[in-house]
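Asker:
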Amino acid sequence: MITADSHIDIRQAAERFRQRAAARQARLDDRFERAWQDCRAIIALIIEKYHPVRLYQWGSLLHRQKFSEISDIDLAVEGLASPEQFFALYGDAEALTDFPLDLVELEHVDPLHQTSIRRKGRLVYERTDGSS
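Be aware that the sequence shown starts at 1, since it is given in UniProt numbering, and climbs by one per residue.
1) Look at the alpha carbon of Phe-86 and the alpha carbon of Ala-22, and state the distance between them as a whole number of angstroms.
2) Excluding the five sequence neighbours on either side, which residues of its own chain have a C-beta within less than 6 Å of the C-beta of residue 138, listed in chain order?
3) Taking Cβ to Cβ, would you say Arg-16 is nearer than 9 Å to Glu-126?
4) So what's Ala-81 in DSSP terms, helix, strand or just coil?
5) Could you check which residue in Thr-97, Ala-14, Val-104, Glu-33 has the C-alpha nearest to that of Pro-83?
6) As a quick exercise: from Phe-32, Cys-39, Glu-78, Val-109, pick the residue whose alpha carbon is nearest that of Lys-66.
7) Rounding to the nearest angstrom, what Cα-Cα distance links Ala-41 and Leu-96 in this structure?
8) Does DSSP classify Asp-74 as helix, strand or coil?
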C-alpha cells in the first residue's frame, strides 16, 4: 500500500521495469529461435520420411510479434496415406521438440480452418513428382 509517507523513486522503478522487459525479451528471443530450429527439423522429417502432398506452417511462429511464452509449433499436412501414418508422423515429430505441437491433417479439420491455414499459413512443401 502506498501512503503519503511513501517514497517511490520513479527513475529506479522505470529502470527495473526496463530490465525486466529486456530479460523477458531475451527469453522470448531464445525460445523463438529454439522453436524455429525444432520446426525446421520436424519439417525435414515429415518431407523425407512421410512424403505428404503438401505441408503448411501456420500460427505465431510465422509472426515474431505474436510469439509468446505459450506459443507452440503449428503444422498442417495434406495427402498422407492413412491415419496410421499420421499417428506415426505425430510421434516422430513430438520426439524432436519440447514445444507443444499442433499438427493436423488438413483433410480432417473444419473447412473454415482449412481455408485459414491455406490463406494465412505458409506452404513449406508441395510434392511435385506425383509419388508417395
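Just so you know, even glycine gets a beta-carbon here, dropped at the ideal spot from N, CA and C. Treat the numbers as computed from the prediction; the structure is a model and nothing was measured.
Answerer: Reading it off the structure:
1) 40 Å
2) Coverage of the chain is limited to positions 1 through 132, which leaves residue 138 absent and any answer about it impossible.
3) no
4) coil
5) Val-104
6) Phe-32
7) 7 Å
8) strand
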